[in-house]
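One structure is given below, encoded as structure tokens.
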Amino acid sequence: MSGSPYAPHTEAETDAMLDAVGVDSVEELFDIPDSVRFDGEFGIDAKSEQAAVAETERRLAKNDDLAEFLGRGHYEHYVPSLVDHLSQRSEFITSYTQYQPEVTQGFLQVLFEYQSLLVELTGLGVANCSMYDEATALAEAALLAKRVRATSGDRVLVPDYVRDGHVSVLENYTAGADVTVERYPTDDGNVDLDALADVADDDVVLVYAENPTTVGTIEESLDAVGDLADDHDALFCLGSDPVAMSVLQRPADVGADVVVGDASVLGMPTSYGMGLGVFACKEEFLRQVPGRLVGASEDADGTRAYTLTLQTREQHIRKERATSNICTNQAWVALRAAIHAASLGADGLVDLANRMVELPRDLAARLDDVRGVQAPANDRHHFREFLAHTDQPAPAIAADLEAEGFAVNAVDDHHVQICVTDANEHATDALVAAFEEVAN
Amino acid sequence: MSGSPYAPHTEAETDAMLDAVGVDSVEELFDIPDSVRFDGEFGIDAKSEQAAVAETERRLAKNDDLAEFLGRGHYEHYVPSLVDHLSQRSEFITSYTQYQPEVTQGFLQVLFEYQSLLVELTGLGVANCSMYDEATALAEAALLAKRVRATSGDRVLVPDYVRDGHVSVLENYTAGADVTVERYPTDDGNVDLDALADVADDDVVLVYAENPTTVGTIEESLDAVGDLADDHDALFCLGSDPVAMSVLQRPADVGADVVVGDASVLGMPTSYGMGLGVFACKEEFLRQVPGRLVGASEDADGTRAYTLTLQTREQHIRKERATSNICTNQAWVALRAAIHAASLGADGLVDLANRMVELPRDLAARLDDVRGVQAPANDRHHFREFLAHTDQPAPAIAADLEAEGFAVNAVDDHHVQICVTDANEHATDALVAAFEEVAN
Amino acid sequence: NYEPLLSEKDQTSVDVDSPLPDDLTRDDVTLPSLEEPELARHYVRLSQQNYGVDSGPYPLGSCTMKYNPRFTEDVAAVDDASVHPDRSGDSVQGTLQLQYDLQDYLGRIGGMDAVTLQPPAGAAGEFAGILLAEAYHEANGEGHRDEVVVPDAAHGTNFASAALGGYDVVEIPSGDDGRVDIDALEAALGENTAALMLTNPNTLGLFERNIEQISEMVHDAGGLLYYDGANLNALLGRARPGDMGFDIMHFNVHKTFATPHGGGGPGAGPVGVTEDLAEFLPDPHVRKTESGQYERYTPERSVGKVHGFEGNWLVLVKAFAYIDRLGDDGLSDASAKAVLNANYLAEQVEYDVPLGPFHHEFVASAGDQDAADVAKRMLDYGVHPPTTKWPELVDEALMTEPTEVETKSNLDDLADAFNAVAGEDDETLANAPTRTTARLIDQTTAARNPRLSWHDLD
Amino acid sequence: NYEPLLSEKDQTSVDVDSPLPDDLTRDDVTLPSLEEPELARHYVRLSQQNYGVDSGPYPLGSCTMKYNPRFTEDVAAVDDASVHPDRSGDSVQGTLQLQYDLQDYLGRIGGMDAVTLQPPAGAAGEFAGILLAEAYHEANGEGHRDEVVVPDAAHGTNFASAALGGYDVVEIPSGDDGRVDIDALEAALGENTAALMLTNPNTLGLFERNIEQISEMVHDAGGLLYYDGANLNALLGRARPGDMGFDIMHFNVHKTFATPHGGGGPGAGPVGVTEDLAEFLPDPHVRKTESGQYERYTPERSVGKVHGFEGNWLVLVKAFAYIDRLGDDGLSDASAKAVLNANYLAEQVEYDVPLGPFHHEFVASAGDQDAADVAKRMLDYGVHPPTTKWPELVDEALMTEPTEVETKSNLDDLADAFNAVAGEDDETLANAPTRTTARLIDQTTAARNPRLSWHDLD
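This is the structure:
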């Protein structure tokens, strides 16, 4: 083989085209000074499709086959087969941003429906097409808060249960806007309202909380958090996801101004953290929303039609004054999430969410019966996951479990975090048995 | 869950429809005498999609993971990814026979292109859309011969290398037409011309031979077989496949009147023998062809268009006087084969076929170096596969190899048959090493 | 909209240069040789010119065009499903178990004692059934029975399959009520009767209420009763062929169990039989040993093979997964909704709908209109038309089977399409379709001047 | 052709009844609840209303809409690709090796010493690069540098990413030849310069011939040179940013390495740096130990994270597989044909095409016509139009990038579409498109009266 298998020119065609252009060889078209011409090699051998598939799969096959009980912001639910089959359709996957809405009504409508799903679940007026993931969505929320707040201010408060990595993203995105990110304490896996009240002042632009939290607890006083933020003219940003939101308190009802989160809990398998950033907010912030928005309009025949709208917020028009630098986003992941949500429907979503309350409750109770384990560590309701206290050092427990074929997260010296969903539920008996082996 | 997940009625809709029909319950619509009413249960539990997937996969996972060197009429080549992605498109896979050509031009054109591929490869004037597999295609060829032969006759001659199962199909299909199937001897894996001449007479309606043969040899005197058939006013039917035909002697050039074979060598993985029966013949037999034919025509605007044609040959019109009873065929497998062939193109097909000559030659030479093995057993050229003589009993060799992770075919007391293609080529080193272990 | 043939995009001639001696090879081969981007576009565009169940209603009577759940494609695509038929039984216990379990499921659903999965399509199942009947009679010293009785409204394959088996077909007319005419049957049955082939409900969607009497008559005459499973979607959980007295039946898994029709196939046509006929089943059959292993064996008086290997295996995997997902409740509900849909749609359609009561399908009459033209005009309304002009018992028949997958709203839309066409004049119909990829296609030229490959085109 | 919204087909309200206390739950949720058959049809129909690369030419300048080979989807779908980011390094050696090897491949292709895969898109890569530049200057005691220089023709993301990092953007005008104006650059550079962001070839498809001089000027001023990889498809195997003096670059794998654009994403924007900047790369990075194992580690002075986890991993798997398949020869040929295609098409187009010589794209001028109207009218010819009205250096710009995947015949057809529109009057253009799924869509109403969910519709 020589050349790209995806560049279809025959030699005769190449010659005819060179003739038309008026050069003898393609190389003449490269207007590159000799001094910066590359005359080396990458050293990558061309391969047949069969060999390329085998080479990639050979590498990946080195991963150990573990039953994963990992969560902490990246989750897996069973993805209906329909999601793969429909999202792989050429017209969806090989298209790009809908700059020409007249020939991209299909994707626009899907994104409009995805926005609608989030509007319904959050109770807020506006949802965009996607951010990269929860961490970057939170960062964009902080920047929006900084932009829209009536008075100046530079503090963003996040609870201590948030992943360090997410805080790092938040700090990186907001440093340029001179925002300071501070963590506030929690109490037994919920916001410590008194502690939060102590640190909150009028210099705060955004208060963040999660429901469920990164450690799996369900927050019980979110409206108080919202009130507290409101008292200081700060925005209240809630982190959640579309499955949780289908049963937990509606974000709008607890005073959330912005909702962020990761909607890749729908539509995606575990994918090493690949996300789908949710961004929804009150309608009053519409012109400050980051990212793409699809709106309904009409075409010249008066038929309903969809189009990207309010593009003057965006970088390709507003440049350095854009609401965000985002261009390529997670549209196809949003398509997958939308199909998954549609497959579940209202009943299916609620049923799934209810199981995410029951499964960790039941598994925690079983682990609590294991000598050397107390679970759940927090006296709260849980969603998908929970902390378990281990008498033995947690890192050793995690390592021993790994040797038995299970992945769990050791979050500190004596706590492991266990996430259980419909995707790994089948392995819970084996996990409990393994805990019996390693925990005491 | 209750009810079918693919029957979308809400209770309200069901009620409205019952009202419209004028009954109180669906059961009233079943006009079945009580005496034959079924009031039992099948005893099959309804399952979620996730559970149904798991249940089927759990069963299949009990298959041992062996490197297969099996052929004898069912082969595997690497199938380009494009074949899966395109053939799974809804519009193709969820459609049926093109009774309404105005809305099924897509599939009709694919089938027309598939027919064209076979016309090119066979050199014959007509190819149909598909039979089930090679065995049933051969049976249909015998029936066609019986119908078209100028004088009566009832003998069909097949070489002794044909699989017993294929002969059984042939006998079953032709018994109703009072045809007798007889085997004729071969010499070192090729037709024994003298022996064939001895048994041939004017009562023969069809002489069958294969190229390559079931034992992997390439026939060297096919034109003589064709002449011999011709001498007795019998049809000459050649068995082959689209990969082999792309380099071996063109069937038309050796006098073949009909070509049968299995085109699932393109487009399909190993699939427990699922096939794609090739049926091509001379144009003079057109009105006696079994199965569906797609023809070119024009629509009311004068644009080229395709349609099923000559349907008066078929069972839905001609009933007991049809050329065959076939209705549902292997159209989707033909689509896959067509895409695979198109992906290879002329060069790719010839290259693949040439490798199918080289791979068995090279592997046979390596096995011949193993103590206790003589390969190839036939002093012929080979395609994909060959017989190897083993000093130890062949069934024991096959069993020992299976224990080592390889599947080969023990065809008699001291011969194993080995098939090697681009799909299992990567395992040849290991196979040779395993032979070293078990053969002497 | 015309998508050129591959051959109109490229034709590349390659001189064959091979490791073989020249006299064993052809000279050259000429085929389109396009790179992947152009191929992807070719087939994507062609697919868009094709109507399937996922495009909209497909009420093609007798074909049971249901929704094909995609998860069955996934399980058929797992590596473990891809094994060679010559593998030892010990090394493919998974495949054998799936075969065994599907045999078992189908037996329970049909009320039959043993089931073979080998026939690769419904017609192949019919033919296998004919072979079984023949072997049975032969074994009983009744090899002289050379007639198969078939009602006039039966599927064309019934006639053709019986003829393929060497039988004389005795066609009997239907009664005025669209069902088997008992007198005609009586007259047709005799000492040469090998079998009666019957669809129930029949192609008019009518249940053969006299099935017990029919069964008794056929058996009294020494014949066997064969069930054509094409319409089994009407009966799931309500009645079983085995309980009605049928001795042999085939299943169309691509109809009843929603495996995709694939543009014409592949399907699969498993055949069930009563205990008496089990010893004749095709080779190999799968059984479970006392130790819980699964093994292939040759039934004692097997008819041999009807397919080179094991039939359309991957289709059978899909059927198993579908049955396993729906279970008793789902299968029963599928039939309930299929029957409800047919009856509801029959009510909404303004064409005359004679006979009844219907199960899964009904046959309307286009009356003064030409049913084929009606179908073409329905294409303009964006739906697939019913089967037309058959069965001939109904003038200008429109044989309509909506299946269980259509919503009430879809059925209302479909009825609107029927009714709109019912009100149109002959000229409009004759000029239809106008809104489709291709306009009305000239069938006469296609048949008179057959051009069956790109080699035949200018 | 209008496909109703899911909400127009069904809205089901469910009262939330949960194992949780009532005060922790919402009251109800209202969503469309349709069964699978209707959903399949909904999305199949919507897909058919969407133009993609597999539909035909998609010469959207700057977006590199190549064919996406499907085998990369298969490798991204294998179970082993689906692991959780919190897995121990020991247990995901396969993933780490693939990350390491892709870092290595990209480093070789870009001529960079170290590469992070974490940024989830091109703009995220730019922002990561800005963070790296800031950390570098900070570490060198040059934290006062607060300006990023960007040519006026640069992608909008360059400006926005610099601003997101807190930098003042210093925009410099292009020269008459469409390239960096050396004098303007000289004037813009100074002691506050943190970096110059440059695309090469630039958005007009022109190679910045003075790149060495530019590099020297920026570095002399104490700044860093940032390469926007959007146009890297023009240079594969011909020139490498690292060799031209760039310190930081991002790769758009969805452009250069053919991972699908997915209707707007996901992409991936790996960032390469020279050795001096490697210690600042995001956390974690992957390295190979002496024992041949792969491990994650935190670079010594890491900027931290730009994505919650490891970026768009499955996209990166596809990119690896694509690069591994093409190899040196394929990548080099891709650029050759991309450049040839752009130059050939530029010759065939009758619109004025100023400037040149071009690499992978060219910018034609619609002259007296409105470029946006030209684009709408091109839709009527069945092709996707170029990017319009940008860069503003060319009046009524038609920024055209055919990529290597188009055949000569496709380019000729595409040129015919351009040329047909070039000959049409303003009224025809203003009324276009007429042959598309939707006619011209009213943008003003959409923006003035935003209706952004089905809750906003009547």
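Protein chains in written order, with my numbering: chain A, 1 to 440; chain B, 441 to 880; chain C, 881 to 1338; chain D, 1339 to 1796.
Even glycine gets a Cβ: it sits at the ideal position worked out from N, Cα and C.
Contact between the segment 1773 to 1793 of chain D and the segment 95 to 107 of chain A is present: three or more C-beta pairs spanning the two stretches fall below 8 Å. With a contact defined as Cβ atoms closer than 8 Å, A:LEU117 and A:ALA296 miss out at about 15 Å. With respect to chain D, the C-beta atom of C:GLU916 has a partner C-beta closer than 8 Å.
With respect to chain B, the C-beta atom of D:PHE1595 has no partner C-beta closer than 8 Å. One alpha carbon belongs to C:LEU1157, the other to C:SER1182, and they sit about 10 Å apart.
Neighbours of D:ALA1419 across chain B, judged by C-beta separation under 9 Å, do not exist; the nearest C-beta is about 15 Å away.
For the C-beta of B:ASP862, the chain A residues within less than 8 Å are, from N- to C-terminus, GLN50. Assigned with DSSP and collapsed to three states, B:ASN612 falls in helix. For the C-beta of D:ASP1392, the chain C residues within less than 7 Å are, from N- to C-terminus, ALA920, ARG921, VAL924. D:GLN1386 belongs to the set of residues whose beta carbon lies under 8 Å from a beta carbon in chain C. DSSP, reduced to helix, strand and coil, places B:SER442 outside both helices and strands of the structure shown, so it counts as coil. Boundaries of the alpha helix (DSSP H) around D:SER1673: 1651 to 1686.
Every unbroken stretch of the beta strand (DSSP E) spanning 3 or more residues and falling wholly within the segment 243 to 308 of chain A is given here in chain order: 258 to 262, 277 to 281, 294 to 298, 304 to 308. Counting along the chain, D:PHE1545 sits inside no beta strand (DSSP E), nor does DSSP assign it H or E at all.
In chain order, ASN1757, ALA1760 place their CB closer than 6 Å to the CB of D:GLU1688, counting only its own chain and leaving out the 5 sequence neighbours on each side.
Between the alpha carbons of C:PRO1179 and B:ILE837 lies a distance of about 28 Å. Residue burial is scored here from C-beta neighbours: B:ARG761 has fewer than 16 other C-beta atoms within 10 angstroms and is therefore classed as exposed. Across the structure, C:LYS1135 and C:TYR1107 are spaced so that their CA atoms are roughly 15 Å apart. Ranked by how close their Cα comes to the Cα of D:ASP1662, the residues A:GLN50, A:ALA430, A:PHE92, A:ALA142 have A:GLN50 in first place. The beta carbon of A:PRO395 sits no closer than 8 Å to any beta carbon of chain D. Under the Cβ distance rule, D:ARG1773 does not count among the residues neighbouring chain B, no pair being separated by less than 8 Å. Here the segment 1379 to 1389 of chain D lies against the segment 105 to 113 of chain A, with 3 or more beta-carbon pairs under 8 Å apart. With the rule of 3 Cβ pairs closer than 8 Å, the segment 698 to 712 of chain B counts as touching the segment 676 to 685 of chain B. Burial state of C:ALA1067 is exposed, judged by a 10 Å Cβ sphere holding fewer than 16 other Cβ atoms. Spatial neighbours of C:ALA1310 in its own chain (CB-CB distance under 7 Å, excluding positions within 5 residues in sequence) are listed in chain order as ASP1253. Look at C:MET945 here: in three-state DSSP terms it is coil, with no helix or strand label. With respect to C:MET1124, B:VAL476 sits close: the two C-beta atoms are nearer than 8 Å. Boundaries for D:THR1612: no alpha helix (DSSP H) harbours it, and the DSSP string shows neither H nor E there. Interface annotation, A:TYR78: not in contact with chain C, CB-CB separation never under 8 Å.
In this structure, C:GLY1103 sits away from C:ALA1064, with a CB-CB distance that is not shorter than 8 Å. Its chain contains ARG1176, TYR1177, THR1178 as the residues whose beta carbon lies nearer than 7 Å to that of C:PRO1164, once the 5 sequence neighbours on both sides are disregarded; these appear in chain order. No Cβ of chain C is located within less than 8 Å of the beta carbon of D:THR1350. A distance below 7 Å between beta-carbons, with the five flanking residues on each side excluded, links C:ALA1114 to the following residues of its chain, in chain order: PRO1081, SER1215, ALA1218, VAL1219, HIS1239, HIS1240. Fewer than three Cβ pairs drawn from the segment 558 to 572 of chain B and the segment 586 to 604 of chain B lie within less than 8 Å of each other, which leaves the two stretches out of contact.
Residues SER1054, ASN1082, THR1083, LEU1084, PRO1271, LEU1273 of the same chain have their beta carbon placed closer than 7 Å to that of C:ALA1033, with the five preceding and five following residues left out of the count.
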